[in-house]
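Since the structure comes first, as structure tokens, the remarks are kept for the end.
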Amino acid sequence: MGARSNSTGYLQMELTPLLNQKTEGRTSHRDERTLYVRFPPSLALRDKSFLEPLVPSAVDIRLPRLSATGTAKFCYMEFETEEEATRIKESMSNIKVEGEAFYADYVGKKSKTYPVKEPKVVDPLRLYVGGLPVGMHVKHLRAAFPTATQVLYKKASRKVTSSHAYLIFASHEDALRAFESSSDLKILAKKVIVMFATYKNITEKNEEQFTTRAKKQKTDVEMEEGSE
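Residues 338 to 565 (my numbering) are what the sequence shown spells out, left to right.
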């Protein structure tokens, strides 16, 4: 496995070339259907309700973590197909607010500012699940990943702009099997993305709150709205 402990005591490993290729394939497929959308200068949003009727074909709209003012100046819009993403990109400049236009670019390799990525360091026992649908509960994750020893689910809220979850497994082999079997996974008819959790996402603060809650309950964890 090649796993080792980092300074926090958690296991970590660098993705093998094959796993990295599979992970990139999953993110690339989502990236091909996703646009980076910058709002007009005068527009700052607290949630996505203003955007949904403007672009009704978007299957998911993700705002970044909100700034100190509680607003965002851009978002990511995901579509069902790459063709629909291209169509919206070409027409986005026609959508205006007080005469000011939106700006759209691709994300990933088709982006004008695609960065060179370094090899990912991940937790070999933990998977990250993103793009979770509205109305989802821990039980849906438990049904999709029956071998997970623990499910840590965080709902979207005012501060957390998209629902996500971490799945903890007893062994790397169990985590790997769950990863391999989830390339086309849908939950409540919405496609989700499953990857090994990176240490960019697993902060000490998140880990402490997740594990403290889990130790008290000795069960799956659903973080409360607004909790960090």
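Every residue gets a Cβ at the ideal spot worked out from N, C-alpha and C, and that includes glycine.
Bear in mind that the values here come from a model prediction, so they are computed numbers and not experimental data.
Under the rule that 16 or more other beta-carbon atoms within 10 Å means buried, what is leucine 355, buried or exposed? Residue environment: leucine 355 is assigned as exposed (fewer than 16 neighbouring CB atoms within 10 Å of its CB, all protein chains considered).
Using the beta-carbon count (16 or more within 10 Å), is lysine 385 buried or exposed? buried
With a CB to CB cut of under 8 Å and the five nearest residues on each side skipped, what residues in its chain are close to glutamate 435? Taken in chain order, the residues that qualify are Pro377 and Ser379.
Supposed close pair alanine 534, tyrosine 503 - CB separation, criterion 8 Å: 6 Å
When we look at the beta-carbon of leucine 462 and count the other beta-carbons within 10 Å, is it buried (16 or more) or exposed? Label assigned to leucine 462: buried.
With 16 other CB atoms within 10 Å as the buried threshold, where does arginine 402 fall? exposed
Exposed unless 16 or more other CB atoms sit within 10 angstroms - verdict on glutamate 415: buried
In chain order, what are the residue ranges of uninterrupted beta strand (DSSP E) at least 3 long that sit wholly in the region 383-445? 395-399, 411-416 and 440-443
With a 10 Å radius around its C-beta and 16 neighbouring C-beta atoms as the bar for buried, classify threonine 540 as buried or exposed. Reliability of the predicted coordinates at threonine 540 is poor, the pLDDT of 49 falling under 50, and the value obtained from them is presented with this limitation in mind. Threonine 540 sits exposed, since fewer than 16 C-beta atoms from the chains shown fall within 10 Å of its C-beta.
Taking glycine 467 as the reference, give the member of Leu391, Lys359, Lys523 and Ala405 with the closest Cα. Lys523
Thinking C-beta only, is isoleucine 432 closer than 8 Å to leucine 391? yes
When you compare the CB positions of alanine 381 and threonine 408, do they come within less than 8 Å of one another, or not? Yes, the Cβ-Cβ distance between alanine 381 and threonine 408 is below 8 Å.
Which residues does DSSP list as the beta-bridge partners of glycine 468? The partner list for glycine 468 (beta bridge, DSSP) is empty, contrary to what the question assumes.
If you run the structure through DSSP and keep just helix, strand and coil, what is arginine 370? coil
Suppose you measure from the CA of lysine 410 to the CA of arginine 370; what does that come to, to the nearest Å? 21 Å
One or two residues paired with histidine 501 in a DSSP bridge: Gly467 and Lys491
For lysine 523, three-class secondary structure by DSSP: In the three-state scheme derived from DSSP, where H, G and I count as helix and E and B as strand, lysine 523 is classed as strand.
Chain E beta carbons: is any one of them nearer than 8 Å to that of serine 386? Here chain E cannot be found, since the structure has a single protein chain.
I need the DSSP call for valine 475, collapsed to helix, strand or coil. helix
Closest residue to serine 365 among Cys412, Thr418, His501 and Gln349 (Cα-Cα distance): Among Cys412, Thr418, His501 and Gln349, the Cα nearest to that of serine 365 belongs to Thr418.
Just checking my contact of proline 470 with leucine 525 at CB under 8 Å: how many whole Å lie between their CB atoms? 4 Å
Member of Ala481, Val488 and Ser500 whose CA lies at the smallest distance from the CA of glutamate 517: Ala481
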